[in-house]
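**Q** Those sequence lines, one after another, are chains R and A.
Heads up, the numbering used here is the position in the first sequence plus 88, with the first residue counted as 1.
To convert, note that position 82 of the second sequence is 74 in the numbering used here; the numbers rise steadily by one, no gaps.
Please see the structure below; I have some questions.
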Amino acid sequence: ETGVTQTPRHLVMGMTNKKSLKCEQHLGHNAMYWYKQSAKKPLELMFVYSLEERVENNSVPSRFSPECPNSSHLFLHLHTLQPEDSALYLCASSHRQGWEKLFFGSGTQLSVL
Amino acid sequence: DAKTTQPPSMDCAEGRAANLPCNHSTISGNEYVYWYRQIHSQGPQYIIHGLKNNETNEMASLIITEDRKSSTLILPHATLRDTAVYYCIVSSPDSNYQLIWGAGTKLIIKP
């Protein structure tokens, strides 16, 4: 148990659906992250929030929309995804922004049909 | 691109020490070496990090060469649960939030 919980663990959606991924951390951390891990590719940083403010957006398509209502919760809203968006989406948190050690959730395995 | 080079896979016998190498020949003076691992179907797990000196914690030891161009992660008594992909990453406070992940080393512990 890492203290970072992601739901759902698995999600199948059609290209016209709208869904949301949820992440919650119980570690009192100030920074939260979304990563994407596609098959046979390295982890890619998508978004970073520090003290509930988005501080990094790595050229992610607008069909991915993050939301951080407070320092413990992070959402990733999905709409009109493409099959190539199928991947493992990982949430992480750290005590403070930057290069401190990250604590990851178990991820949401997303399949877009 | 990742700034580190790791072998794609390694085997180790259970109970033996697993030594995982990492080359980071272009590391700069303020960059730390981080190690994470990812067990199948889980998110990555932080193991250890260091700047210049060797480091040890309850999970592993990190040996960094004097010129800092390479390092070795040592799992002193490998168990089957240590089977995972191990990532070596270099990063500095100046890089904001960017940990550049490579492909890592797939370590298989054999009974």
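Backbone N, C-alpha and C fix where the C-beta goes; we use that ideal spot for every residue, glycine too.
How would you list, in chain order, the residues of chain R whose beta-carbon sits under 9 Å from the beta-carbon of Gly42 (chain A)?
**A** The sequence position of residue 42 (chain A) within the second sequence is 50, counting from 1. Neighbours of Gly42 (chain A) on chain R: none; closest Cβ ~12 Å, over 9 Å.
**Q** Who are the neighbours of Gly116 (chain R) on chain A, taking C-beta pairs under 7 Å?
**A** As a first step, residue 116 (chain R) is located in the first sequence; it is residue number 28 there, counting from the start. Simply none; closest approach about 16 Å.
**Q** Using a cut-off of 7 Å between C-beta atoms, extract the partners of Pro96 (chain R) located in chain A.
**A** In the first sequence, residue 96 (chain R) corresponds to position 8, counting from 1. Correct list: empty, because the minimum Cβ distance to chain A is about 14 Å.
**Q** Could you give the distance in angstroms between the alpha-carbon of Lys129 (chain R) and the alpha-carbon of Asp74 (chain A)?
**A** Start at 1 with the first residue of the first sequence, and residue 129 (chain R) comes out as number 41. Start at 1 with the first residue of the second sequence, and residue 74 (chain A) comes out as number 82. So the two alpha carbons sit approximately 22 Å from each other.
**Q** Would you mind stating whether Ser194 (chain R) and Gln34 (chain A) have Cβ atoms separated by less than 9 Å?
**A** The sequence position of residue 194 (chain R) within the first sequence is 106, counting from 1. The sequence position of residue 34 (chain A) within the second sequence is 42, counting from 1. Their beta carbons are under 9 Å apart, which means Ser194 (chain R) touches Gln34 (chain A) by this criterion.
**Q** Kindly list the residues whose CB is nearer than 6 Å to the CB of Ser84 (chain A), restricted to its own chain and excluding five residues on each side of it in sequence; keep chain order.
**A** Here residue 84 (chain A) corresponds to residue number 92 of the second sequence, with the count starting at 1. Here the set comprises Asn22, Glu23.
**Q** Determine the extent of the beta strand (DSSP E) in which Asp3 (chain A) is found, giving its start and end residues.
**A** For the purposes of this step, residue 3 (chain A) is taken as residue 11 along the second sequence, with counting starting at 1. Element bounds for Asp3 (chain A): 1 to 5.
**Q** For Glu155 (chain R), list the residues DSSP reports as bridge partners.
**A** To locate residue 155 (chain R), count along the first sequence from 1; it is residue 67. According to DSSP, which records beta bridges pairwise, Glu155 (chain R) is partnered with R:Phe163.
**Q** If distances are taken between C-alpha atoms only, which option among R:Arg142, R:Ser147, R:His117, R:Leu198 comes closest to Leu91 (chain R)?
**A** The residue you call residue 91 (chain R) lines up with position 3 of the first sequence. It is worth fixing the name first, because residue 91 (chain R) is Gly in this sequence and not Leu. Checking every option, the nearest Cα to that of Gly91 (chain R) belongs to R:His117.
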